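Counting in the numbering used here, the sequence shown runs from 1 upward without gaps.
Step one of this worksheet: look at the structure below.
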Amino acid sequence: LVDLNAIDVRFETYGTAKVSKIRILEGWTKEDNWKLTNNQWKAISHANDLALLTLDRPLENFTEYFQLETPKLSSLSSVKVNVSGYPDDKSITWQNLQMKTASGSIASVSSDNYQFFYNKTLDTQGGQSGSPLWYLDQQTKTYKIVGVHVSGNEWVNGDFYNSATQITNDKLQLVLGWMQEDAQTASTNDSPNYL
1 LVDLNAIDVR FETYGTAKVS KIRILEGWTK EDNWKLTNNQ WKAISHANDL ALLTLDRPLE
61 NFTEYFQLET PKLSSLSSVK VNVSGYPDDK SITWQNLQMK TASGSIASVS SDNYQFFYNK
121 TLDTQGGQSG SPLWYLDQQT KTYKIVGVHV SGNEWVNGDF YNSATQITND KLQLVLGWMQ
181 EDAQTASTND SPNYL
């Protein structure tokens, strides 16, 4: 169980907001998705490693820069993708962490089409889980999120890779449904924002 009162989200521009609701894909929380290894619980699959956090208030004058997208896998091989997040640096207090963006290409897609694998210039550090995997669509000049960074140092096909959970069409429709549900329960002036 998660104590929602313990989760604060702080924004430089918008101040602090509370998380009023958390939705997690059902497959992520199933007992058979976890195994105990070296006294640590490890996920067997990251296929459903995705959540939606609803904030308790709208962010004033918020501009939405990113769109969620189910990508065409064939087109992603030629696109520069990015991971932007906040690596955990024990020498710096968390309030002063600097955002890090790494860019590169997707090296491969899992055989079940649920995960992207990347390495080389697209490197990540601990603490960046939950960061968006995104690219700039050159035709529409919009930023598109195609995955969520979930893991580093996975051994795949004879090499170590970082990975992201892909936003498949099923996941996209589920998240959009959750957002519509929230919009219907909120007044017009009080529609929530999301993470």
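For each residue, glycine too, the CB sits at the ideal point set by N, CA and C.
These numbers were taken from a predicted model, which means no experiment stands behind them.
For residue i, the three-state DSSP class (helix, strand or coil)
| i | result |
| --- | --- |
| Lys80 | coil |
| Ser131 | coil |
| Asn33 | helix |
| Ala17 | strand |
| Ser45 | coil |
| Ala6 | helix |
| Ser105 | coil |
| Leu122 | coil |
| Leu59 | coil |
| Leu50 | coil |
Range covered by the alpha helix (DSSP H) that runs through residue i
| i | result |
| --- | --- |
| Thr185 | 169-185 |
Continuous beta strand (DSSP E) stretch holding residue i: start and end
| i | result |
| --- | --- |
| Thr29 | Careful: Thr29 lies outside any beta strand (DSSP E), inside the alpha helix (DSSP H) at 26-29. |
| Lys144 | 142-156 |
| Gln166 | 159-166 |
| Gln138 | Premise fails: Gln138 is in no beta strand (DSSP E) and is neither H nor E. |
| Gln67 | 66-68 |
Cα-Cα separation, residue i to residue j
| i | j | result |
| --- | --- | --- |
| Asn162 | Asp182 | 33 Å |
| Val81 | Asn157 | 21 Å |
| Lys18 | Phe11 | 11 Å |
| Ser45 | Phe116 | 13 Å |
| Ser103 | Val146 | 14 Å |
| Gly15 | Ser129 | 23 Å |
| Leu59 | Gly85 | 20 Å |
Where residue i falls, given that 16 or more other Cβ within 10 Å makes a residue buried
| i | result |
| --- | --- |
| Trp134 | buried |
| Tyr65 | exposed |
| Gln173 | exposed |
| Gln200 | The question about residue 200 has no answer here: the residues shown for the chain are numbered 1 through 195. |
| Asn119 | buried |
| Gln98 | exposed |
| Phe160 | exposed |
| Leu55 | buried |
| Thr37 | exposed |
| Ser131 | buried |
| Lys144 | buried |
| Thr124 | buried |
| Lys171 | buried |
| Leu50 | buried |
Inter-residue CB distance, residue i and residue j (contact presumed, cutoff 8 Å)
| i | j | result |
| --- | --- | --- |
| Gln67 | Tyr114 | Not quite, the Cβ-Cβ distance comes to about 20 Å (not below 8 Å), so this is no contact. |
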